[in-house]
Amino acid sequence: MRIMAHHSSLPYAPAAGGVTKEEVLAAQNGWGQALVNIATTYDDKGFDAAKAEAEAVLDGAYGYGIGPVLFKPTLTTGNQTFRTTREGALSYFVGGNPKYPGDGGFALKGWRDCKIENAAVYLNGSTGTTVGNVIITDKDGKVTTVDKTWTFLKDAKGTVRIMAHHSSLPYLPTSNEKISEAEVLAAQQGWGQALVNIATTYENEGLAVAKKLAGDIIDAAYGYQFGPVLFKPTLTTGDQTFRTTREGALSYFVGDNAAYPADGGFALKGWRNVEIKNSAVLIDGNTATTMGWVIMTDKNGAVTKVDKTWTFFKDGAGALRIVSHHSSLPFDPSPAKPAATVVNKSKPAISPEVTSAIAGGLVFGGIVGHFW
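Just add 1021 to wherever you are in the sequence shown, counting from 1, and you've got the numbering used here.
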């Protein structure tokens, strides 16, 4: 006796009926409370407990068990902008996944309140779509506003699940207000203090907390949300010399990114004081460029001096943002030491005439190779 046909499937479950506006609003508020719960769990019980909380939220509120979720988080970029899988969404919320090295854990940023202000709610059968603002406040009272679109689906069991989620920072048009020199100097001083804060946070609270702080500082001080930033750090080389993306900048400052293996975390080097000495400040409307020295002192008293050029622009909210940042070690005019001469006594000596001819040929060949 042999089986010649075998069909197996879960019973068909029709939709549970149309979704109501009240159900959509309840799902939104549930999402906001879940974000706060993950943050407080992280603060009180640590990463593992927060990750478990986030997994429960994803399984209970999102539709990854039904199919791909159309999730575009606020702070993602490049090939990892869209998180259509559960793994990608979990990494965005809590980080800790080497496949997503740019994730710092959005849900771990100390959130304490989440308010949702819808511009409109559209209902169509078992789906509901909303657009509006989500306003989140952290434990220090800092407020972040994002533009948010959700699409919810009521599944066969009557659970309202997120099937599309698009989040972005509000568009800030360039300000026409002229930058003042006082604002430029304040922005520079803020950058210097931020460098010290990252270093001391690393020593007192560890890499994860310092990395989150560095990400927040980049978001507040640089202009990556407006486009590429022309950032050339001091200690970068080769194909990774220029850090025009947020991910590359964050890696330079704190390391911990396998995509940038040479980064040791410049901001983690024990800095205790930063002094800025401008050679000149050029102001042109809502942009300003500075050139001069930045002098940094570490906890052991060692001093590092770099040549620095910054360009700032004033955004629509009146904040100054770095859009160009070039840093380099000062040129050292002292002559290079001659290379040591190694004599191999096991081989016959070469006459001075032959040695001169060989050296001349190598130099000439080097020049030709360089220009061609």
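A virtual CB, placed ideally from N, CA and C, is assigned to each residue, including glycine.
query, result
"Exposed unless 16 or more other CB atoms sit within 10 angstroms - verdict on THR1151", "buried"
"Supposed close pair LEU1190, ASP1336 - CB separation, criterion 8 Å", "11 Å between Cβ atoms; not a contact."
"Contact set for ALA1047: own chain, Cβ-Cβ below 8 Å, skip 5 residues either direction", "VAL1181"
"Exposure label - TYR997; buried when at least 16 CB within 10 Å", "Since the first residue of the chain shown is 1022 and the last is 1393, residue 997 is not available in this structure."
"Runs of beta strand (DSSP E) lying entirely within the stretch 1067–1149, each at least 3 residues, in chain order", "1091–1093, 1132–1145"
"Sequence-distant residues of its chain with Cβ nearer than 7 Å to HIS1028 (five each side left out)", "none"
"Opening and closing residue of the alpha helix (DSSP H) in which ARG1293 lies", "Run containing ARG1293: none in the alpha helix (DSSP H); it sits in the beta strand (DSSP E), 1292–1305."
"Classification of ARG1342 by the beta-carbon crowding that lies within 10 angstroms, buried from 16 upward", "buried"
"For VAL1275 and GLY1286, believed in contact at Cβ under 8 Å, the rounded distance", "5 Å"
"Cβ shell of TRP1393 (< 7 Å), same chain only, five flanking positions each side left out", "Note that TRP1393 has pLDDT 22, beneath the 50 cutoff, so the model's placement of it is unreliable and no number is given."
"Helix, strand or coil at TYR1245 [DSSP, three-state]", "coil"
"Contact the stretch 1048–1063 vs the stretch 1170–1186: 3+ CB pairs below 8 Å", "yes"
"Integer-rounded CB distance, given that PHE1263 should sit under 8 Å from PHE1252", "7 Å"
"Ranges of the beta strand (DSSP E) found wholly within the stretch 1209–1265, counting only runs of at least 3", "1251–1253"
"CB of GLY1131 within 8 Å of CB of PHE1114, strictly", "no"
"Spatial neighbours of THR1165 in its chain, beta-carbon cut-off 6 Å, leaving aside the 5 residues before and after", "ILE1157"
"Whole-Å CB distance - THR1311 paired with VAL1205, under 8 Å assumed", "6 Å"
"Endpoints, the beta strand (DSSP E) within which PHE1173 is located", "1164–1175"
"Whether ALA1075 touches LEU1111 by CB criterion (8 Å)", "yes"
"Backbone secondary structure at LYS1326 - three-state DSSP", "strand"
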